[in-house]
Each structure stands twice: as C-alpha cells, then as structure tokens.
Amino acid sequence: MSKYWSPLTAALEPYIPGEQPKDKKYIKLNTNENPYPPSPNAMAAMADAINEDLRLYPDPNCESLVVALATRHGLQPNQIFVGNGSDEILAFAFASFFDPSKPVLFPDISYSFYKVYAKFYGITPKLIPLDEQFNIKVEEYVGEHGGIIIPNPNAPTAILISLENIKQLLEQNPEQVVIVDEAYIDFGGQSAVVLVDSYPNLLVIQTLSKSRSLAGLRVGFAFGSAELIEGLNRTKNSFNSYTLDRVALAGAVASIEDETYFVEMNAKVIATRERVVKQLEELHFLVTPSAANFVFISHRSIPAKQLFEQLRAEGVLVRYFDSPRIDNFLRVSIGTDEEMDAFVTALQKLTVQ
C-alpha cells in the first residue's frame, strides 16, 4: 500500500479481468469476446474517420450514434445515453441513481464489478441469493433500498430472466431505479428496451463489445426516460464531456446500421453454442441454460479448478471463479467452430478415462 494513496484507493478491491497471457498462443475462451470480426462497414467507416479532423474534438453529445440508436429502437434521442463502454455507464449510473444511505440490491452471483462500484461510491450492497438452479428470485427484490441492478442474461451463469419478471421488478419498486445490464442480450433474449416508454424507473444498458465484435472500441449506451438520461449526462459532464472519439463514433454508427451482418454473426455464435452444449452434456457436464455467448459448466466428477489448470496446460483458456457456490464451475466463451472443436477434444482427453 502506498503512503500516497487516499483512504478510498487503499480500501478498494479492484475488478480482476480475464487473464491475457503472452507466454504462448492460446485458444482464448476466457473473456467472452466475439470470435468473428466487426462489420466490414464499421471497419471502413473507422478507416475513413482517420483524417485531419482528428485535430478537432469529437461531438460531446454523440448525436450521430444517438440518432442511429433511436431509429433502430423506436425511441427519442433524449431517451438515449452514449458512453465509453458499458462499464463506464454503469459507473455513472451508480453515481447518478443510488443513494449511499440505502443499500443497492443485486444477485449474490453476478458481474463482480457491481461490488467494486458500490465500494467506490460508498454504497452498501445487499446481495440477494440466487436459487439452487442459479435463477434470480424476483420476489425478493423488495423492501427498503436505494435501487436494483441485474445482468440479463446473468453473468457468469448465462441464465436469462423473462420480460415478465423484469416488469415485476419494476412494478414492485416504482420509487427506485432498476438497471438491467444487457451486455449479452443479443445471444438469446428479448431486450427490456421495449419497456422504456412504460416504466420511468427503468434504465437498460448495452454494449458493442459482445454481439457487435467491438470490444476494442469501448462503446456502450443506455436507454431510459428523459429524466434518467439527463441524470447520466449531468454525471458524465462532471467527469469528461468527450467520452467517445471520432473514430469510435464512426465505427459504432456503421455497426448499428449494418443489421444484416449483426444477425448473421449472432446466428453463428448461437448455433455453435447449441452444438457444444450437447457435446458437453455427453461428456457428463452440467450446463446451465445459456442465452449468452458463453456457457457455465460443471463436471459431475472432476473439480473445476483441476479442469481449468489442465485445459490451460493444453493451450485452452477458460474462466474459473474461486468464489462461494460457483467454485466448481467454469465459464467458457463461445469461439469459432474450430476453437470449440479443439476445446471439446481437450475435454474428451481429460474426462474420458
């Protein structure tokens, strides 16, 4: 601990991203990246944006992207916020909507950054346990609290909750903001964006990192009532008004507008996922129902940590969480068909005796 750190910095327990080793070439199935390239239209738009205009600041309101998103989702521009990745927007949302004097509710097994943000902003987290099958128990998100955040599909479990359950959350908590973090929604779920006009307490956050293959671009967005979006903008403009650069804006707009490529690539990921789930079950794995670009698996007799280490030795990286209730599970990103074949072959070698 540095003597120069503030008390806040000293007390933080930062989020730990998936490992990015450089000692040799691995099949990387540990960070939920899309195995396919971004839209060719997005690539071309970014190349065109690298010009002398880079000497100028970008549009602080990201108007071109806001309009593209509004058109796609049938919303008004004042119902959309754009930021530097969904993680930044989550950070702004914690600051904008959660009262430090009241606990924020989220699942006991969910995106681990939520605990980091709560600590950073001095908010007490109240963890609501998932049931034995890792389902979110919507009826328990009640009582005195300052807000709710849930990932849908959940991470790392990959399990989806229905729009009806999201409506229940919203109607149970009309005085609190309910944030639905939809980083993986495009791989098998229906977005709660369709509920935005009906529920002023709903904020939906999405990203281009997963289904649009633009994790390296860092672009995210939020949908909500004009009141909530104004709150996010007040917070953003107290940190950094110019969150997205010109190149990122150009690529993001082109990606959003290329619906054909988006649908085609998502279908490939989903088809691979469904095929691999069947193969895993044949190898005696328990696989939770996945609506994401990853699967959450546990072998019936071999400990997850052992498999994690053995797979790494075989050149395959997956994610292991040394945490209560999930320390016998692995999270495995869906790669290309060739990558997943290599993964399954490695598992057959390790599990079939």
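Numbers given in the working numbering equal positions in the sequence shown, counted from 1, plus 1459. Even glycine gets a Cβ: it sits at the ideal position worked out from N, Cα and C.
- Buried is the label assigned to Asp-1546, since at least 16 other Cβ atoms lie within 10 Å of its Cβ.
- Segment contact: the segment 1633-1645 against the segment 1582-1593, fewer than three CB-CB distances shorter than 8 Å; contact not assigned.
- For Gln-1538, there is no enclosing alpha helix (DSSP H), since its DSSP letter is neither H nor E.
- Residue environment analysis places Phe-1698 among the exposed positions, since fewer than 16 neighbouring C-beta atoms fall within 10 angstroms of its C-beta.
- Taking the Cα positions, Val-1655 is about 17 Å away from Leu-1549.
- Burial is judged here by how many other beta carbons sit within 10 angstroms of a residue's own beta carbon; Glu-1641 has at least 16 and is buried.
- Under DSSP, the beta-bridge partners assigned to Gly-1683 are Leu-1662.
- Pairing Phe-1551 with Gly-1683 gives a Cβ-Cβ distance that is not under 9 Å.
- Nearest in C-alpha terms to Thr-1702, of all of Gly-1542, Thr-1530, Ile-1785, is Gly-1542.
- Of the residues Phe-1802, Thr-1795, Leu-1806, the one whose Cα lies closest to the Cα of Pro-1496 is Thr-1795.
- Per the DSSP secondary-structure output, His-1758 pairs in a beta bridge with Phe-1744.
- By the 16-neighbour rule on beta-carbons within 10 angstroms, His-1604 is buried.
- Here Tyr-1779 carries a strand assignment [DSSP, helix/strand/coil].
- Membership of Leu-1528 in the alpha helix (DSSP H) is indicated by the continuous run 1522-1532.
- Annotation: the continuous beta strand (DSSP E) that includes Val-1791 extends over 1789-1792.
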